[in-house]
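Chains as they are written, first to last, in UniProt numbering: chain A, 1 to 143; chain B, 1 to 143.
Some notes on the structure that comes next.
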DNA sequence: CGGCATCCATTTTGATACTG
DNA sequence: CAGTATCAAAATGGATGCCG
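Right, dumping it as structure tokens:
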């Protein structure tokens, strides 16, 4: 034990293996998968479907504000990573269905960890940010 | 049980509370804190310091490729959120020290979850992406 | 229906120079 | 030393229109 008291979890993700460099890359590669603007909304819809396939337009209508372009882009990215399965039916008019793969489902606990952190600390963070802005205004207004 | 077999974790982050909308916001608000390009590198350095304060230039030299501008921006953002403490010594030449706060340390298990997911599935994802690119080239080359 | 192509606005990032 | 200011480059996001 050292005398510097933060007392909590201490860098589990750093101790587990070879050092900060590998660690950066790993965290970053996970973020690259889930940090895009529409990644989470698309993900959540597919999760909510519980394995039922969803058609392109179903997803589009379920996610307010998304454009076809962005939805296409996001689905392609997830398909490329192997998180979703894209099934094309050779019919007219076209029919394409999307489902989460096993690999896709494996992200569920990760997203859960993010949601839980915000549930616990989100308000504190928002408060801090608000106060920080206040202080900046006060400091800027009276020099 | 339903007959559609994904068999794994099933939407823990959706069951815990009010629905997908709250869930989106929470996950997004956490991502807003950690998803910026330099957030993780800065974070990891502060974690590695184990509570020891780090000076601006120490951080800058420890993080290859970062510019002063980006480091300043990142540290300000983290300070605003209450994740780091910024201590200014009124001396010349200037001396400023940064440390993680308790709130900052609370992100450690979250980052750990991200690192662990990549440790488990990162190679599979990379493989999938490589194969996807191959397929795209093959399909484009022989129409 | 699903999706690609194009154009444009906004944001993010980087390089460089300057300062108390 | 620890920033700020300015400018340029690049990535991202949104709005349309067309097509099989």
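C-beta atoms are modelled at their ideal positions from N, C-alpha and C, and glycine is treated no differently.
It should be emphasised that the depicted structure is a prediction, and the values quoted were computed from it without experimental measurement.
Output the boundary residues of the beta strand (DSSP E) element that contains residue i.
| i | result |
| --- | --- |
| residue 72 of chain B | Looking at the DSSP string, residue 72 of chain B is not in any beta strand (DSSP E); the run it does join, the alpha helix (DSSP H), is 68-81. |
Residue i CB to nearest chain A CB: under 9 Å?
| i | result |
| --- | --- |
| residue 61 of chain B | no |
| residue 126 of chain B | yes |
| residue 67 of chain B | no |
| residue 44 of chain B | yes |
| residue 56 of chain B | no |
| residue 90 of chain B | no |
| residue 50 of chain B | yes |
| residue 85 of chain B | no |
| residue 138 of chain B | no |
| residue 75 of chain B | no |
Let's see if you can read the secondary structure: which residues bound the alpha helix (DSSP H) around residue i?
| i | result |
| --- | --- |
| residue 99 of chain B | Residue 99 of chain B -> not in any alpha helix (DSSP H); beta strand (DSSP E) instead, spanning 95-100. |
| residue 62 of chain B | 56-62 |
Which class does residue i belong to by DSSP, given the choice of helix, strand or coil?
| i | result |
| --- | --- |
| residue 111 of chain A | helix |
| residue 37 of chain A | coil |
| residue 87 of chain B | strand |
| residue 19 of chain B | coil |
| residue 49 of chain B | coil |
| residue 104 of chain A | helix |
| residue 130 of chain B | helix |
| residue 65 of chain A | coil |
| residue 12 of chain B | helix |
| residue 42 of chain A | helix |
| residue 124 of chain B | helix |
| residue 5 of chain A | Because residue 5 of chain A sits at a pLDDT of 47, beneath the cut-off of 50, its placement in the model cannot be relied upon, and the point is left open. |
Pick from the options: whose alpha carbon is nearest that of residue i?
| i | options | result |
| --- | --- | --- |
| residue 104 of chain B | B:92, B:79, B:58, B:123 | B:79 |
| residue 15 of chain A | B:83, B:116, B:126, B:138 | B:116 |
| residue 50 of chain B | B:99, B:109, B:87 | B:99 |
| residue 125 of chain A | B:126, B:83, B:43 | B:83 |
| residue 38 of chain B | A:45, A:43, A:25 | A:25 |
| residue 59 of chain B | B:108, B:96, B:13, B:138 | B:96 |
| residue 155 of chain A | A:122, A:112, A:138 | An answer regarding residue 155 of chain A cannot be provided, because it is not within the stretch 1 to 143 covered by chain A. |
| residue 29 of chain A | B:121, B:93, B:139, B:47 | B:121 |
| residue 55 of chain B | B:21, B:93, B:20, B:119 | B:93 |
| residue 27 of chain B | A:74, A:41, A:131 | A:41 |
| residue 11 of chain B | A:12, A:132, A:48 | A:48 |
| residue 63 of chain B | B:138, B:46, B:128, B:53 | B:46 |
| residue 23 of chain B | B:13, B:123, B:31 | B:13 |
| residue 87 of chain B | B:108, B:114, B:67, B:53 | B:53 |
So, is the C-beta of residue i closer than 9 Å to a C-beta in chain B?
| i | result |
| --- | --- |
| residue 72 of chain A | no |
Taking a cut of 8 Å between CB atoms, which residues from the stretch 94-122 of chain B lie near chain A?
-> 100, 102, 103, 105, 106, 107, 108, 109, 110, 111, 112, 113, 114, 115, 116, 117, 118, 119, 120, 121, 122
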